[in-house]
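Per this note's numbering: the sequence shown = residues 158 to 623. Backbone N, C-alpha and C define an ideal beta-carbon position, used for all residues, glycine too.
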Amino acid sequence: MKNSNILKTLTLCLLFWLSFVMVSLLSANYSFDDASATPLSRNLQELSVTDELAKPGPAAEPAMDIAAPLAPLTVQDAVQTDHPADLQTEISGVLNKGESFAQLMKRLQVPKTVRPVILRHFSDTLDFRVLQPGDKLTVSLDHKTEMVRAIYESGQLNIHFVEKNGDGYRAGRQAIELECRTVRLAGVIDSSLFAAFSELNEEPRLIHAFADIFASKIDFNTETQKGDRFELLVEKFYKDDIFVGYGRILVGRYENEKTAFNGYYYTSDKIPSGYFDDNGEALGTWFIRSPIPFGRVTSRFSLRRKHPIDGKIRPHLGIDLAAPRGTPIMATADGTVEYIGRKGGFGKTVILKHYGSYKTYYGHLSKYGKGLKKGSRVNQKDIIGYVGSTGISTGPHLDYRIKHHSTFKNPFGIKFKAKTALADEELSRFMKSRNEIADLFNFRSGDKVLQVRQMTLTDDNRIYFL
158 MKNSNILKTL TLCLLFWLSF VMVSLLSANY SFDDASATPL SRNLQELSVT
208 DELAKPGPAA EPAMDIAAPL APLTVQDAVQ TDHPADLQTE ISGVLNKGES
258 FAQLMKRLQV PKTVRPVILR HFSDTLDFRV LQPGDKLTVS LDHKTEMVRA
308 IYESGQLNIH FVEKNGDGYR AGRQAIELEC RTVRLAGVID SSLFAAFSEL
358 NEEPRLIHAF ADIFASKIDF NTETQKGDRF ELLVEKFYKD DIFVGYGRIL
408 VGRYENEKTA FNGYYYTSDK IPSGYFDDNG EALGTWFIRS PIPFGRVTSR
458 FSLRRKHPID GKIRPHLGID LAAPRGTPIM ATADGTVEYI GRKGGFGKTV
508 ILKHYGSYKT YYGHLSKYGK GLKKGSRVNQ KDIIGYVGST GISTGPHLDY
558 RIKHHSTFKN PFGIKFKAKT ALADEELSRF MKSRNEIADL FNFRSGDKVL
608 QVRQMTLTDD NRIYFL
């Protein structure tokens, strides 16, 4: 009996031990499967499940209904990384007022080894003397901080680049696709040409360019009358439907109660480009009528004028043109600077010597034209100074005078000859060009835009802008 009890006890112990071993083996099996997955592969499996659930499609089933386990993913399957050599860093910023190109690169922390490369190659196409505040520089660097590309944007029409090209670099100017619209503009004078143009919502540079065509025929300071009419065809350039600038005025017309003046643009290899009347005679004369297109005449040429300051009667041997301080003053003819400096009550003064024993005087200037000095050659319409009130003066204005030999003349009373008159074959070519422009100009429709054409601005195909 005692032996029987011992046997039962041993049997129960054996069964208990076998049960414990089986449970341990089963637990160890599951633990081994779980431990065999590294943290990275577990994270990738979780990412894979998340990605699958995030895909568009039928509503996702509850996780407990997924029948088959997800296949383990490798790093190559789950992560797509660009080669480090393809990675680029971009540095970008705009030029500040008074800042040089080198200072801009330093401020943007362009690597020192890259700066000489940019300077050397940009110098092929970019004039560092005429950079403007707001111009933008962008530099792209590879993973070795070597330059891949540099772009300098000076407005919408001047985009310069330097880019890697094999073992070296190439520089150039980016081609710009433009739309050129030939537009008719017209108006009627009420108070002034400037005011009439302003009603058309056009920029001042177009007004000055139109007045410049007729500068030798009409003095817009004194000879405009209410009811005078003007009309012109002008090229307007657009980039992505945004206006970027004016091209040529192809033809202009100004009509008063007595006369109609027409000016057609004409260019040739044999003569200087310019504007000509219906008969092929140049509108430009040796002297233009006024050094300031829109100055207000406050005092005329007179041998007996009461001086506005001391009240004495004395000759006024020129004309006074009032204009805002800093208004540019143009040379009325080609010539040479005979005198530049202060001249008593005349203040800051420039005197130009011209052909035919003529001299012109410009007084009360605020400052002189850039680089101007005694002996400098100037061309007609070059800027020789700016309106001021130096010397004996009641306010900002220009005192303009013309002397012929030893006698001062009324600037508004002199009739100067045209510079050029076309003849023979050149006249025939002009007439053909004039007729083509006139046909377009005289075509009447309700459309303001008469012609549209696509153009590409490149280094080899530069476009004239006002």
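TODO: Would you decide whether Asp556 is buried or exposed? Buried here means 16 or more other CB atoms lie within 10 Å of its CB.
DONE: Position 399 of the sequence shown holds residue 556. Label assigned to Asp556: buried.
- [ ] Please state whether DSSP places Ala488 in a helix, a strand or coil.
- [x] Here residue 488 corresponds to residue number 331 of the sequence shown, with the count starting at 1. In the structure shown, the three-state DSSP call for Ala488 is coil.
Task: Nearest-angstrom Cβ-Cβ length linking Gly502 and Gly548, presumed shorter than 8 Å - done: Here residue 502 corresponds to residue number 345 of the sequence shown, with the count starting at 1. Here residue 548 corresponds to residue number 391 of the sequence shown, with the count starting at 1. Confirmed, about 5 Å.
Open item on the list: So, for Leu607: in the same chain, excluding its five sequence neighbours on each side, which residues have a beta-carbon less than 8 Å away from its beta-carbon?
Closed with: One-based indexing of the sequence shown puts residue 607 at position 450. Excluding residues within five positions, the ones whose Cβ falls inside 8 Å are Thr339, Val340, Arg341, Leu390, Leu597 and Phe600.
Open item on the list: Considering only the alpha carbon of each residue, which of Val535, Thr246, Leu335 and Val287 lies closest to Thr295?
Closed with: Taking the sequence shown and counting its residues from 1, one reaches residue 295 at position 138. That would be Thr246, whose Cα lies nearest to the Cα of Thr295.
- [ ] State whether the region 246-259 contacts the region 279-294, with contact taken as three or more CB pairs (one from each stretch) at a distance under 8 Å.
- [x] Under the Cβ criterion (8 Å, minimum of three pairs), the region 246-259 counts as touching the region 279-294.
- [ ] Could you spell out the range, first to last residue, of the alpha helix (DSSP H) harbouring Asn592?
- [x] Indexing the sequence shown from 1 puts residue 592 at position 435. For Asn592, the enclosing alpha helix (DSSP H) starts and ends at Asp581 to Asn599.
- [ ] Enumerate in chain order the residues of its own chain whose CB-to-CB distance from His554 is below 8 Å, with the five nearest sequence positions on each side excluded.
- [x] Taking the first residue of the sequence shown as position 1, residue 554 is located at position 397. Counting only Cβ-Cβ distances below 8 Å, and skipping sequence neighbours, we find Gly452, Thr455, Asp477, Leu478, Ala479, Ala480, His521, Val544 and Ser546.
Task: Three-state secondary structure (DSSP) of Ala479 - done: Taking the sequence shown and counting its residues from 1, one reaches residue 479 at position 322. If DSSP states are grouped into helix, strand and coil, Ala479 belongs with the strands.
Task: Supposed close pair Lys505, Glu495 - CB separation, criterion 8 Å - done: To locate residue 505, count along the sequence shown from 1; it is residue 348. To locate residue 495, count along the sequence shown from 1; it is residue 338. Taking a contact as a CB-CB distance under 8 Å, the pair Lys505 and Glu495 does not count as one, their CB atoms being some 15 Å apart.
Open item on the list: Distance check for Gly475 and Gly492, CA to CA, integer angstroms please.
Closed with: Stepping through the sequence shown from its first residue, residue 492 is reached at position 335. Stepping through the sequence shown from its first residue, residue 475 is reached at position 318. So the alpha carbons of these two residues sit roughly 19 Å apart.
TODO: Can you tell me the Cβ-Cβ gap for Ile620 and Tyr421, rounded? I've got them flagged as a contact below 8 Å.
DONE: As a working mapping, residue 620 is identified with position 463 in the sequence shown. As a working mapping, residue 421 is identified with position 264 in the sequence shown. In fact, because the Cβ distance is near 20 Å, the residues do not count as touching under 8 Å.
Task: Beta-bridge pairing of Asp556 - partner residues as DSSP gives them - done: Within the sequence shown, numbered from 1, the residue matching residue 556 stands at position 399. DSSP lists Asp477 and Gly520 as partners of Asp556.
TODO: Rank Asn413, Arg405 and Lys393 by C-alpha distance to the C-alpha of Tyr423 and give the top, closest one.
DONE: Within the sequence shown, the letter at position 266 stands for residue 423. Nearest C-alpha to Tyr423: Arg405.
Open item on the list: Just verifying my parser: in three-state terms, what is the DSSP assignment at Leu335?
Closed with: The count along the sequence shown starts at 1 and reaches residue 335 at position 178. The answer is strand: DSSP assigns Leu335 an E or B state.
Task: Same chain, Cβ closer than 6 Å to Phe444, five either side skipped, listed in chain order - done: Counting from one through the sequence shown, the residue named residue 444 turns up at place 287. So the list reads Thr489, Ala490 and Phe573, once near-sequence residues are dropped.
TODO: Classify Arg277 as buried or exposed, calling it buried when 16 or more other Cβ atoms lie within 10 Å of its own Cβ.
DONE: The residue given as residue 277 occupies position 120 in the sequence shown. When all chains shown are included, Arg277 counts as exposed.
Open item on the list: Helix, strand or coil, according to DSSP, for His317 in the structure here?
Closed with: If you number the sequence shown from 1, residue 317 lands on position 160. Under the three-state reduction of DSSP output, His317 falls in the strand class.
TODO: Pull up the distance between the alpha-carbon of Gly441 and that of Asp435, whole angstroms please.
DONE: Numbered from its first residue, the sequence shown carries residue 441 at position 284. Numbered from its first residue, the sequence shown carries residue 435 at position 278. Roughly 14 Å separates the two Cα atoms.
TODO: Please classify Ala372: does DSSP put it in a helix, a strand, or coil?
DONE: The residue labelled residue 372 in the question sits at position 215 within the sequence shown. Residue state, collapsed to three classes: coil.
Open item on the list: Given this structure, state the Cα-to-Cα distance separating Lys293 from Arg558, to the nearest angstrom.
Closed with: Within the sequence shown, numbered from 1, the residue matching residue 293 stands at position 136. Within the sequence shown, numbered from 1, the residue matching residue 558 stands at position 401. Their Cα atoms are separated by approximately 45 Å.
Task: Opposing strand residues paired with Lys393 [DSSP bridges] - done: Locating residue 393 in the sequence shown gives position 236, where the first residue counts as 1. Its beta-bridge partners are Arg338 and Tyr403.
Task: Minimum length 3: unbroken beta strand (DSSP E) runs contained in the region 254-329 - done: 293-298, 304-310 and 316-322
TODO: Just mark Asp376 as buried or exposed, buried being the case when its beta carbon has 16 or more other beta carbons within 10 Å.
DONE: The residue you call residue 376 lines up with position 219 of the sequence shown. With 16 or more Cβ atoms within 10 Å of its Cβ, Asp376 is classed as buried.
- [ ] Ignore the nearest five residues each way along the sequence and tell me which others in Arg410's own chain have a CB closer than 6 Å to its CB.
- [x] Position 253 of the sequence shown, counted from the start, is the residue given in the question as residue 410. If we look at Arg410 and ignore the five residues flanking it on each side, its Cβ neighbours are Glu388 and Asn419.
Open item on the list: Is it buried or exposed, Leu407, if we count other Cβ atoms within 10 angstroms and call 16 or more buried?
Closed with: For the purposes of this step, residue 407 is taken as residue 250 along the sequence shown, with counting starting at 1. Classification for Leu407: buried.
Task: Ile449, buried or exposed, once every other Cβ within 10 Å from all chains shown has been counted against 16 - done: In the sequence shown, the residue the question calls residue 449 occupies position 292. Buried is the call here.
Open item on the list: By DSSP's criteria, Ala366 is part of a beta bridge. Which residues make up the other side?
Closed with: Stepping through the sequence shown from its first residue, residue 366 is reached at position 209. Its beta-bridge partners do not exist; DSSP assigns none.
Open item on the list: Helix, strand or coil for Pro472? Go by DSSP, reduced to three states.
Closed with: Position 315 of the sequence shown, counted from the first residue, corresponds to residue 472. Note: Pro472 maps to strand in three-state DSSP.
Open item on the list: Can you confirm whether the region 396-405 touches the region 341-352 when touching is taken to mean that 3 or more C-beta pairs between the two stretches lie within less than 8 Å?
Closed with: no
Open item on the list: Would you say Ile308 lies against chain C (beta-carbon separation less than 8 Å)?
Closed with: No chain C is part of this structure, which consists of one protein chain only.
TODO: Please list, in chain order, all residues of the same chain as Ala575 whose beta carbon is under 6 Å from its beta carbon, the five residues on each side excluded.
DONE: On the sequence shown, residue 575 is found 418 positions in, with the first residue counted as 1. Contacts found: Glu438, Ala439 and Thr442.
Task: Gln289 to Lys531 span [Cα, whole Å] - done: Position 132 of the sequence shown, counted from the first residue, corresponds to residue 289. Position 374 of the sequence shown, counted from the first residue, corresponds to residue 531. Distance between the alpha carbons of Gln289 and Lys531 is about 29 Å.
Open item on the list: From the DSSP secondary-structure annotation, give me the bridge partner or partners of Ala417.
Closed with: Within the sequence shown, numbered from 1, the residue matching residue 417 stands at position 260. Its beta-bridge partners are Glu412.
- [ ] With DSSP collapsed to three states, give me the class of Ser456.
- [x] Here residue 456 refers to the residue found at position 299 when the sequence shown is read from its first residue. Looking at Ser456 - three-state DSSP - the assignment turns out to be strand.
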